[in-house]
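S.K.:
Residue numbers (the working numbering): 58 to 290.
1) Do the stretch 72–92 and the stretch 121–135 meet, that is, are 3 or more Cβ pairs less than 8 angstroms apart?
2) What residue ranges within the stretch 96–175 form continuous alpha helix (DSSP H) runs of no fewer than 4 residues, ordered along the chain?
3) Count Cβ pairs between the stretch 152–163 and the stretch 105–114 that sit closer than 8 angstroms; are there 3 or more?
4) Hey, would you say residue 190 sits closer than 7 angstroms to residue 131, going by beta carbons?
5) Per DSSP, residue 219 is paired with what?
6) Could you check what DSSP says for residue 246 in three-state terms: helix, strand or coil?
7) With burial defined as no fewer than 16 other Cβ atoms inside 10 Å of the residue's Cβ, what is the status of residue 75: buried or exposed?
8) Classify residue 259 as buried or exposed, calling it buried when 16 or more other Cβ atoms lie within 10 Å of its own Cβ.
9) Going by CA-CA distance only, name the one from 217, 204, 159, 200 that's closest to residue 185.
10) Mark residue 195 as exposed unless 16 or more other C-beta atoms lie within 10 angstroms of its C-beta, in which case mark it buried.
11) According to the Cβ coordinates, are residue 177 and residue 210 closer than 7 angstroms?
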């Protein structure tokens, strides 16, 4: 008889992490999917009776759900192994920022050069895409208001990736303390659906043979990934 596959959820911790990520994913998609359902319900099954406002609600909500899903599939899913996996990451981030934008609009995004992204992918392999997306997601969500999101990559002498979020200088900046606590080597906060994502970002950084630190200097929050010297995927 063939040997049974190992149970990757054998430990209670692995099972809890899986449940928390599923909860997080459902939470992110509940809003736009629910809005689409509400719009369809308003239509009453007769498309000819749908007014322009309801059609706009259905259209914008379905687009938001699609953008979120595309982003989260790469950020939280099994990483692709092809070189082309890093292509289009900027568009994924832009789409997610637009889908989650409040009344103040989406943050301006400044992305690293294709050459730097390619060099990073050569070093990190399949870890590149989920790591970059999770760094962006963590910074945006830790800020009460994010006006500008910048990705910078330094190749020499040590591979260094920084994602910098600029808050609203006109308002007091209150970081999400649980985000900073969740990325500590020993998390100083209980894992929950709110803190599982920054915890995942730290674990992804460690899996890529690097370390992750957060630097808070109001109104700027910076997530920094540094590849350990001499390590290569």
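Cβ coordinates follow ideal geometry from the N, Cα and C atoms, glycine included. Since the structure is predicted, the reported quantities are computational estimates derived from the model, not experimental observations.
M.R.: Working from what's here:
1) yes
2) 109–133, 146–156
3) Under the Cβ criterion (8 angstroms, minimum of three pairs), the stretch 152–163 does not count as touching the stretch 105–114.
4) Start at 1 with the first residue of the chain shown, and residue 190 comes out as number 133. Start at 1 with the first residue of the chain shown, and residue 131 comes out as number 74. Yes, the pair counts as a contact, with Cβ atoms nearer than the cut-off.
5) By one-based count along the chain shown, residue 219 stands at place 162. Bridge partners of residue 219: 209, 281.
6) By 1-based counting over the chain shown, the position of residue 246 is 189. Correct three-state label for residue 246: coil.
7) Translated into positions along the chain shown, residue 75 becomes position 18. The residue in question, residue 75, is exposed, as its Cβ has fewer than 16 Cβ neighbours within 10 Å.
8) Residue 259 sits at position 202 when you count from the first residue of the chain shown. Answer is buried; the Cβ neighbour count reaches 16.
9) Numbered from its first residue, the chain shown carries residue 185 at position 128. It is 217 whose Cα lies nearest to the Cα of residue 185.
10) Numbered from its first residue, the chain shown carries residue 195 at position 138. Classification for residue 195: buried.
11) For the purposes of this step, residue 177 is taken as the residue at position 120 of the chain shown. For the purposes of this step, residue 210 is taken as the residue at position 153 of the chain shown. Yes. Within cutoff.
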